[in-house]
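A.B. asks:
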Amino acid sequence: MNRIKYLTPIILSVVASCSSKESAESIVEGAENTATNTVDLSYEVDTVMVDAGDQFLFLNWGLSLSDQSEDLSLIYNLNPIALLLEVIDLDSLKLKELIHLEKEGVNGVGNTFYQDLQVLDDGTICLMGSNKINFVSPSGELIKTLDFEHIKLKEDQRINYTGKFTEDGKFYVCVLENRDLKKAPSGIAIIDMETDSVKVIEMDLFRKLKEFEIKFDNGSVTSIATGDSFYLNFIENDLIISSSAFNDVYRYQIKNDILVHRTFNSTLTANERIANFPNEVDSEEQFYEVSTEAYKQVHFTQFRELTNFEMFWRISSELDRMIGDSVVYKQVITLFDEDFTMLKEKELINFYLSSQSFVKNRVIYSFLNIEDELAFVRLKPIITYE
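Counting in the working numbering, the sequence shown runs from 65 upward without gaps.
See below:
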């Protein structure tokens, strides 16, 4: 069976897979809403460099293997080649320390391909590989290794190891992935880490996202494919589900077993992507041509908390204009209240959200590589109430 290598024009946040028996008791559909404009939004932008001393930080993957500490002051970035955890202090904008991981032995975490990283609220670092998750202490000792081979699923289903834990590590969430990757996931699974019980939320979202897949099968061991992303995130133990293709959000309340779906109406961008391109192409050249053209359509990032404002924010982008062969994208920031009522949307000038961003002290830090040195473009929202 061919392996499929997934590519995206910009590295996107993707999470995957799982399975089992129950569904959410009810789906509450919220009315489509447009910005209320009850707040006014302005912002400031600057660029800052990180002092790494004599160390060359691992920037090759755009900080895609990184996460923030519970207090948001530290960024842990994994260099999977050297097995180093680079700890960056956002307050001082300096490399704080290097944590050396061992490849083999009692603390060995090597011999696997890492695809994601998550820091739990007790400081435990979860290194998510292709077939296992290694839990590492803040000083680099291996705490335990987790696989889900003991979880009973349907024969054609599997658990992907790049899901998301609640901050306390008590639940793990992923999508119900098919082993051959030909069918779309049927929904989301939530695994109770204490009992190994699995809760399933059936969703049609993943079938719709499958329509945006572009694939080139070159007949060799590895094919290449790209498609739209879905995002899973926990906020106050509620699961937030969204995608890059649609202007909506799902909020699953674990305690009450209720799935709430809200849709939004943007006046500054389109509200959904359109699958007006072939799903399979005949050459690698055509693959990049089609995927580049498809990416000009609207693209939504994940919802994030704007700390101390009791709001969520999200940035969307789409084609603004072409200058020769160069694409100029429009970027729009949208604010939402705690119930995901749309408050304000505003086009951003001189700021582009990268594939990896962080938030601290009401400031959004967007990754930037300047001549192989780490920098951040910072966006400081200034919010006033009308």
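A virtual CB, placed ideally from N, CA and C, is assigned to each residue, including glycine.
Only a predicted model underlies this, so the values are computations on that prediction, with no experimental measurement involved.
If you draw a straight line from the alpha carbon of isoleucine 252 to that of valine 324, how long is it in whole angstroms?
C.D. replies: 14 Å
A.B. asks: If you measure between the beta carbons of glutamine 366 and arginine 337, is that distance less than 7 Å?
C.D. replies: Cβ distance not < 7 Å, so glutamine 366 and arginine 337 don't count as in contact.
A.B. asks: Considering Cα atoms alone, identify which of Thr209, Asp260, Ser133 and Glu300 is closest to glycine 172.
C.D. replies: Thr209
A.B. asks: Counting pairs of Cβ atoms below 8 Å between the segment 153 to 168 and the segment 214 to 231, do you hit three or more?
C.D. replies: no
A.B. asks: Taking 7 Å as the threshold (C-beta atoms), are phenylalanine 364 and serine 308 in contact?
C.D. replies: In this structure, phenylalanine 364 lies closer than 7 Å to serine 308 by Cβ.
A.B. asks: What is the DSSP secondary structure of valine 183, reduced to helix, strand or coil?
C.D. replies: strand
A.B. asks: For the alpha helix (DSSP H) containing glutamate 349, list its first residue and its last residue.
C.D. replies: Membership of glutamate 349 in the alpha helix (DSSP H) is indicated by the continuous run 348 to 358.
A.B. asks: Which first and last residues belong to the beta strand (DSSP E) in which arginine 271 is found?
C.D. replies: Unbroken run through arginine 271 is the alpha helix (DSSP H), 269 to 274; no beta strand (DSSP E).
A.B. asks: So, at 8 Å on beta carbons, what are the nonlocal neighbours of glutamate 205 in its own chain, with the 5 sequence-adjacent residues on each side left out?
C.D. replies: Asn171
A.B. asks: Who does serine 307 pair with in a DSSP beta bridge?
C.D. replies: Per DSSP, Phe294.
A.B. asks: Could you pull out every residue in the same chain whose Cβ sits closer than 8 Å to the Cβ of threonine 331, ignoring the five residues on either side in sequence?
C.D. replies: Thr98, Ala99 and Glu409
A.B. asks: What is the DSSP secondary structure of lysine 410, reduced to helix, strand or coil?
C.D. replies: strand
A.B. asks: Grouping DSSP H, G and I as helix and E and B as strand, with all else coil, what is methionine 386?
C.D. replies: strand
A.B. asks: Who are the near neighbours of methionine 192 in its chain, counting only those whose CB is closer than 8 Å to its CB and skipping five residues on each side?
C.D. replies: If you ignore the 5 residues before and after methionine 192, its C-beta comes within less than 8 Å of the C-beta of Tyr178, Gln179, Asp180, Leu181, Gln182, Tyr225, Thr226 and Gly227, all in its own chain and listed in chain order.
A.B. asks: In its own chain, which residues sit with a C-beta less than 7 Å from the C-beta of phenylalanine 351, not counting the 5 before and 5 after it?
C.D. replies: Ile278, Phe280, Ile288 and Val345
A.B. asks: Once DSSP output is grouped into helix, strand and coil, what is the label at asparagine 335?
C.D. replies: coil
A.B. asks: Are the segment 128 to 137 and the segment 102 to 111 touching, with three or more C-beta to C-beta distances below 8 Å?
C.D. replies: no
A.B. asks: Can you check whether the CB of glutamate 382 is closer than 7 Å to the CB of threonine 333?
C.D. replies: For threonine 333 and glutamate 382, yes; Cβs fall inside 7 Å.
A.B. asks: Which residue from Ile207, Asp403 and Asn141 puts its Cα closest to that of aspartate 312?
C.D. replies: Asp403
A.B. asks: For glutamate 89, collect the residues of the same chain with a Cβ closer than 7 Å to its Cβ; drop the 5 residues on either side in sequence, then sort them by chain order.
C.D. replies: Because the pLDDT of glutamate 89 is 47, which lies under 50, any placement of that residue in the model is unreliable, and the number read from its coordinates should be weighed accordingly. Same-chain partners within the cutoff: Asp321 and Ile322.
A.B. asks: Among Leu184, Leu432, Ile207 and Lys274, which has the Cα closest to the Cα of asparagine 343?
C.D. replies: Minimum Cα distance to asparagine 343 is reached at Lys274.
A.B. asks: Kindly indicate the opening and closing residues of the beta strand (DSSP E) around isoleucine 145.
C.D. replies: Segment: none, isoleucine 145 is in no beta strand (DSSP E) and carries neither H nor E.
A.B. asks: Here's the rule I'm using: 16 or more other beta-carbon atoms within 10 Å means buried, otherwise exposed. How should tyrosine 314 be labelled?
C.D. replies: Under this definition tyrosine 314 is a buried residue.
A.B. asks: Any idea what DSSP makes of histidine 214, helix, strand or coil?
C.D. replies: coil
A.B. asks: Give me the residue from Ser194, Met375, Tyr316 and Ser293 with the minimum Cα distance to leucine 407.
C.D. replies: Met375
A.B. asks: With a threshold of 8 Å on Cβ separation, who are the neighbours of serine 137 within its own chain once the five nearest residues in sequence on each side are excluded?
C.D. replies: Asp153, Leu154, Asp155 and Lys424
A.B. asks: Serine 203: buried (16+ other C-beta within 10 angstroms of its C-beta) or exposed?
C.D. replies: exposed
A.B. asks: Can you tell me whether lysine 444 is buried or exposed, with buried defined as 16 or more other CB within 10 angstroms of its CB?
C.D. replies: Classification of lysine 444: exposed, given that the 10 Å Cβ count is below 16.
A.B. asks: If we call anything under 7 Å between Cβ atoms a contact, is leucine 296 one with valine 200?
C.D. replies: no
A.B. asks: Would you list, in sequence order, the uninterrupted beta strand (DSSP E) runs of no fewer than 3 residues that lie entirely inside the segment 410 to 436?
C.D. replies: 421 to 424 and 427 to 434
A.B. asks: Per DSSP, which one or two residues make a beta bridge with tryptophan 377?
C.D. replies: Arg368 and Leu399
A.B. asks: Between Gly117, Phe120 and Thr176, which lies nearest to proline 144 when the distance is taken from Cα to Cα?
C.D. replies: Here the closest residue by C-alpha is Thr176.
A.B. asks: Rounded to a whole number of angstroms, what is the C-alpha to C-alpha distance between phenylalanine 400 and tryptophan 377?
C.D. replies: 6 Å
A.B. asks: When DSSP labels each residue in this structure, what does methionine 192 get in the three-state scheme?
C.D. replies: Three-state DSSP puts methionine 192 in a strand.
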